[in-house]
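*Asks:*
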Amino acid sequence: MGFRFRFETLLRVRKIREDLAMQEFSKIQKHLKGLEMLKSFNESRRSDTRQQFIQKIDAGLKSADIATYQSYLSRLDAEIGQLDTLIIQAGRQLDAKREELLKAKKEFKTMKRLREIDEQRYRTRQQKEDMRFMDELAILRYGSRQ
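In structure tokens, the structure reads:
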């Protein structure tokens, strides 16, 4: 009869929890990266639009176009502000998921270590039983020769 860990089901559950925590962490991480890329894109659009605006003012721009540019730039500023808020929230979520992931990894590692200890005890016990059996065979052989 081979080794059987009595908490094998719990070990599998802990591994599943770790995998789920890893997936959630990865999902939030991708979301955060997407928000940061969108913010960077909006900032570059704002910068480009400001440069165009300055160039067109120097070339002579109508007041209606000036109002349009200013409105667009203020909308970009508002979007960037909203993205900053979303990035902060996503960062907090990422920190929380990181903690969950670390906890799940620790729990799985603990169960895995417990399994290793249990398996080592089983192997030691098996070796002792094998040695006892061999000793018994040797005694029987020695006794049958006499």
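Just so you know, we're using my numbering here: the sequence shown kicks off at 5 and counts up by one. Don't be surprised by glycine CBs; every beta carbon is placed ideally from N, CA and C.
Looking only at its own chain, which residues have a Cβ that is under 6 Å from the Cβ of Phe-7, when we skip the five neighbours before and after it?
*Replies:* Shown here for Phe-7: same chain residues with a beta carbon closer than 6 Å to its own, the five before and five after excluded, namely Glu-123, Tyr-126 in chain order.
*Asks:* Pull up the CB-CB distance for Glu-22 and Lys-132, whole angstroms please, since I reckon it's below 8 Å.
*Replies:* In fact, because the Cβ distance is near 35 Å, the residues do not count as touching under 8 Å.
*Asks:* State the CB to CB distance for the pair Leu-98 and Gln-33, rounded to an integer number of angstroms; the pair is presumed to be in contact (CB under 8 Å).
*Replies:* 6 Å
*Asks:* Determine the extent of the alpha helix (DSSP H) in which Phe-29 is found, giving its start and end residues.
*Replies:* 12-63
*Asks:* Just confirm the distance between the C-beta atoms of Leu-39 and Leu-90, as a whole number of angstroms; I'd bet it's less than 8 Å.
*Replies:* 5 Å
*Asks:* Considering only the alpha carbon of each residue, which of Glu-47, Ile-143, Gln-74 lies closest to Lys-158?
*Replies:* Since the first residue of the chain shown is 5 and the last is 150, residue 158 is not available in this structure.
*Asks:* Anyone know if the C-beta pair for Leu-80 and Leu-42 falls short of 8 Å?
*Replies:* no
*Asks:* Nearest-angstrom Cα distance between Asp-134 and Thr-128?
*Replies:* 10 Å
*Asks:* Does DSSP classify Phe-9 as helix, strand or coil?
*Replies:* coil
*Asks:* Can you give, in chain order, each stretch of the beta strand (DSSP E) that sits fully within the stretch 52-127 and has at least 3 residues?
*Replies:* Runs of the beta strand (DSSP E) lying entirely within the stretch 52-127, each at least 3 residues long, are absent.
*Asks:* Thinking Arg-119 and Leu-15 are a contact (beta carbons under 8 Å), I'd like their distance in whole angstroms, please.
*Replies:* 6 Å
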